[in-house]
Structure formats: structure tokens, C-alpha cells
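The opening position of the sequence shown corresponds to residue 0 in numbering that gives the first Met the number 0, with each subsequent residue numbered one higher. Don't be surprised by glycine CBs; every beta carbon is placed ideally from N, CA and C.
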Amino acid sequence: MGVTIKDIAEKTGVSRGTVDRALHNRGRIDPQVAQRIRETAQDMGYIPRKRKQPEKKNNVIKIGVVTQLAKSSFMIEVCRGIEKAGQELLDRGIELILKQGVSVDEKEQLALIEELEQEEINGLAIMPVDCESIRMKLNFLTEEKEIPVVTFNSDIVGTKRLCFVGMDNRKSGRTAAGLLGLLTRGKGKILIITGYFSNHVDNQRVDGFVEEMKVSYPEIEIAGVHGSFDETAQVERIIENVLKNDEEINGILVVSGGQAGVGQAFEKLKLIKRPYVIIYDQTRKNEKALMEDTVDFLIDQNGYVQGYRPPYILADLLTKGEAPKGEFLFTDINIKTKYNL
Numbered sequence: 000m001g002v003t004i005k006d007i008a009e010k011t012g013v014s015r016g017t018v019d020r021a022l023h024n025r026g027r028i029d030p031q032v033a034q035r036i037r038e039t040a041q042d043m044g045y046i047p048r049k050r051k052q053p054e055k056k057n058n059v060i061k062i063g064v065v066t067q068l069a070k071s072s073f074m075i076e077v078c079r080g081i082e083k084a085g086q087e088l089l090d091r092g093i094e095l096i097l098k099q100g101v102s103v104d105e106k107e108q109l110a111l112i113e114e115l116e117q118e119e120i121n122g123l124a125i126m127p128v129d130c131e132s133i134r135m136k137l138n139f140l141t142e143e144k145e146i147p148v149v150t151f152n153s154d155i156v157g158t159k160r161l162c163f164v165g166m167d168n169r170k171s172g173r174t175a176a177g178l179l180g181l182l183t184r185g186k187g188k189i190l191i192i193t194g195y196f197s198n199h200v201d202n203q204r205v206d207g208f209v210e211e212m213k214v215s216y217p218e219i220e221i222a223g224v225h226g227s228f229d230e231t232a233q234v235e236r237i238i239e240n241v242l243k244n245d246e247e248i249n250g251i252l253v254v255s256g257g258q259a260g261v262g263q264a265f266e267k268l269k270l271i272k273r274p275y276v277i278i279y280d281q282t283r284k285n286e287k288a289l290m291e292d293t294v295d296f297l298i299d300q301n302g303y304v305q306g307y308r309p310p311y312i313l314a315d316l317l318t319k320g321e322a323p324k325g326e327f328l329f330t331d332i333n334i335k336t337k338y339n340l
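Here you go:
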């Protein structure tokens, strides 16, 4: 029996994941550790397995795509990118199969992945729900079935996915903190509204925001983090209730969907002076909110690229053997005002 990654891991005293990254030149790893692992593998006579070329039926390679929050306005741009990639890849004998999840639900997502397994996909691009069952399923696909996986928009740790395509969400949260810190002159209370507490993207944005506020604007108080399930009515209700009970709120950050609820709450409250507001995603409704001075800044993450790029990464790997250029392929953090739409 040949030398395995597990054997090399035991010999070098590191994890199998670290060995995998060193041998395949991907991910973050100390160069000296990587060199030691490669030398040990060579001394032990390790022979890397070649990735199996997909067995093509009628010369068609199938790439599955799984999304979340299908009804969110942000997903319009993401799906536009996916559809464009699908149209272009047909000329290369590659079929995209899109499965859209309605919420951030692990059971729903598992079912969608299993449907794609039945379709005998050769690669998977996914907006993963960050939970153990999805983590195990993705590792099963990559390790047992040798199906390459690319995550986009949201990421998941502890998997053998090839790479992540999307915004550096923690960094975007710090960006939002810097903007609100300047607007409020470093004083007051900030209300944070998230979508789902199980959503990795939302959590990263909130974490980055809170971290930066503590460091750069310690006099600003976080007046709670409220979940809205990406629903306009919930965003409206949260803002209305909080502002009625706390007149010191001078800033609002909405890291998820349902942003139209901000303006609806302000209309009901008939405020003499509204709090400063930052929202995410350049949709038509959000552009309208900017133009009407309902919000001050909009942070956009280029959803089109997030949908368009992952299918091409998988296509190039499956047909040419070309690996992605890095583990994290971040899209730009674009700050929009009514003056630069």
C-alpha cells in the first residue's frame, strides 16, 4: 500500500490539512513547514494521486451551483453572473445546474447538494451554510468523490474547498465602522441589524465592525445586534422600537437584506433628525434610498463577479487542470454615495 497523506502527517507531526496544503501549494502555510513536509513526503516515497478526469456523458461536464436567499434583491446580480457564465460555458461543453435555496437552512442546503449528486456533477460552487453537516458533506465530496468545491459570497472553515470568491466581509465591517465613526465624530450609540445569526457573511461583517469600533472609537456604544431574517417588516419594526426607547441612537448599520425597512421606520417616526445609516449591496431599492437621503453610505460587494467567477474556476480546473491563483479571491469593497452612483 502506498504512502498516504495521513502517514506524512503522523511522521511530521502536523494535521492532514496542513500536509494537503503543502503538497498542493494552496492555502496559508509557513514556508519552512511546507518545505519540511515536501522533503518528508519525498523521502517516504509519496506519489501524488492525479485528479481523475470527469467521466463525461455526451461530452458534457456538469458543474453544480448552490445559493442561499433566492428572494433577496442582492441575489439578482449574483444570479445574473451565474447565468452569464452558464451561457458562455455551454460552448465549452460545460453545463451549469443551479439550485437556489430560499433561506439560510442546513437541511434545505443538504437536500440541494444531494440533488446535484444525483445529477452526477463534476464540480460544485456553493454559498455554504456554516454548520457541521455542510462541512462534512463538502469534505465527503472533495475527499471521497474527488469533486472540487469553490465557495462564494459566504465561506466555511475546516473544508478542503479550493478557494473562496467574495468580499472580505470582516474588512468591510471595519470599513463601515470607520465611516460611522467619522459621521458621528466618535460619540453616541450604534444600532446593528443583521439577517440570520447563522449566516457567516453577516457575522463576519458584525465582528469586523465591533472590533474596529473598540479600537478606533471606544466612546461609541453598540446598542445591540438584532436579527431581521432579511425581512423589510422586521427591519422597520426593530428600528421603530429601538428609536422610540433610546433617543441617543445616532447611527444604524444594516449588514443584510430588508433595507427598505429603514425608510419605512423613519416615515412612521417622523424624526426631526435621523441617525446616520450605512447599508450593503447596490440594488435599485438601495440606490433609491441613497438618492432620497434615507441612508448615507452603501457598501457594495460586486455580486455579479461572485456569481460569474466560480463556474470558470471549476471549468478551468476540470478541463485544463488549472488551479485558482490563490485561496482567497476577494472582490472590491466599493463605497457608494448619491454622488458616485
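Neighbour-count burial assignment, residue i, 16 or more Cβ in a 10 Å radius
i: Met-290; result: exposed
i: Val-156; result: exposed
i: Gly-325; result: exposed
i: Tyr-216; result: buried
i: Val-149; result: buried
i: Thr-336; result: exposed
i: Asp-331; result: exposed
i: Lys-55; result: Note that Lys-55 has pLDDT 48, beneath the 50 cutoff, so the model's placement of it is unreliable and the number below is only indicative. Burial call: exposed.
i: Glu-76; result: buried
i: Met-135; result: exposed
i: Pro-30; result: exposed
i: Ile-4; result: buried
i: Ser-227; result: buried
i: Phe-163; result: buried
i: Asp-19; result: buried
i: Lys-213; result: exposed
i: Phe-73; result: buried
i: Gly-92; result: exposed
i: Arg-204; result: buried
i: Lys-243; result: exposed
i: Gly-320; result: exposed
i: Ala-232; result: exposed
i: Glu-119; result: exposed
i: Gly-12; result: exposed
i: Asp-154; result: buried
Beta bridge counterpart(s) of residue i as assigned by DSSP
i: Glu-343; result: Given that the chain is displayed from residue 0 to residue 340, the structure contains no residue 343 and the question cannot be resolved.
i: Val-200; result: Looking at the DSSP assignment, Val-200 forms no beta bridge with any residue, so it has no partner.
i: Asp-299; result: Asn-333
i: Phe-327; result: Phe-163
i: Gly-226; result: Thr-193
Start and end residues, beta strand (DSSP E) containing residue i
i: Phe-7; result: According to the sequence shown, residue 7 is Ile rather than Phe. Run containing Ile-7: none in the beta strand (DSSP E); it sits in the alpha helix (DSSP H), 4–11.
i: Ile-60; result: 60–66
i: Ile-334; result: 333–335
i: Leu-317; result: Counting along the chain, Leu-317 falls outside any beta strand (DSSP E), though it belongs to the alpha helix (DSSP H) covering 302–319.
Whole-number beta carbon distance between residue j and residue i, since they are thought to touch under 8 Å
i: Ile-46; j: Ile-7; result: Contact flag wrong, Cβ pair sits at about 12 Å.
i: Asp-295; j: Val-254; result: Their Cβ separation, rounded to whole angstroms, is 15 Å, which puts Asp-295 and Val-254 out of contact at 8 Å.
i: Met-166; j: Gln-300; result: 4 Å
i: Gly-194; j: Gly-256; result: 6 Å
i: Leu-137; j: Gly-63; result: Going by Cβ atoms, the distance from Leu-137 to Gly-63 rounds to 12 Å, so no, they are not a contact pair.
i: Lys-83; j: Tyr-307; result: 6 Å
i: Thr-94; j: Lys-70; result: Correcting the residue type first, residue 94 is Glu in the shown sequence and not Thr. Wrong, their Cβ atoms sit about 25 Å apart, outside the cutoff.
i: Ile-146; j: Glu-105; result: In fact, because the Cβ distance is near 19 Å, the residues do not count as touching under 8 Å.
i: Ile-28; j: Thr-17; result: 6 Å
i: Gln-258; j: Asn-285; result: 6 Å
i: Gly-262; j: Thr-293; result: 4 Å
i: Ile-248; j: Ile-277; result: Not really, about 14 Å apart at Cβ, beyond 8 Å.
i: Ile-191; j: Val-234; result: Contact flag wrong, Cβ pair sits at about 12 Å.
i: Leu-317; j: Asn-152; result: That belief does not hold up - the Cβ atoms of Leu-317 and Asn-152 are roughly 21 Å apart, past 8 Å.
i: Val-209; j: Ile-221; result: 6 Å
Boundaries (first-last residue) of the alpha helix (DSSP H) holding residue i
i: Pro-30; result: 30–42
i: Asn-22; result: Residue identity check: residue 22 is Leu in the sequence provided, not Asn. Residues 15–23.
Test: residue i CB closer than 9 Å to a CB of chain C
i: Leu-88; result: Looking at the structure shown, chain C is missing, and only one protein chain is on hand.
If we require 3 or more residues per run, which beta strand (DSSP E) segments fall completely within the segment 75–125?
Annotation: the segment 75–125 contains the following complete segments of the beta strand (DSSP E) (minimum length 3 residues), in chain order: 93–99 and 122–125.
Which complete beta strand (DSSP E) runs does the segment 240–297 hold, if anything under 3 residues is left out?
Counting only runs of 3 or more, we get 248–253 and 275–279.
Can you list, in chain order, the stretches of the alpha helix (DSSP H) that have 4 or more residues and sit fully within the segment 129–190?
Entirely contained in the segment 129–190, the alpha helix (DSSP H) runs reaching 4 residues are, in chain order, 131–142 and 168–183.
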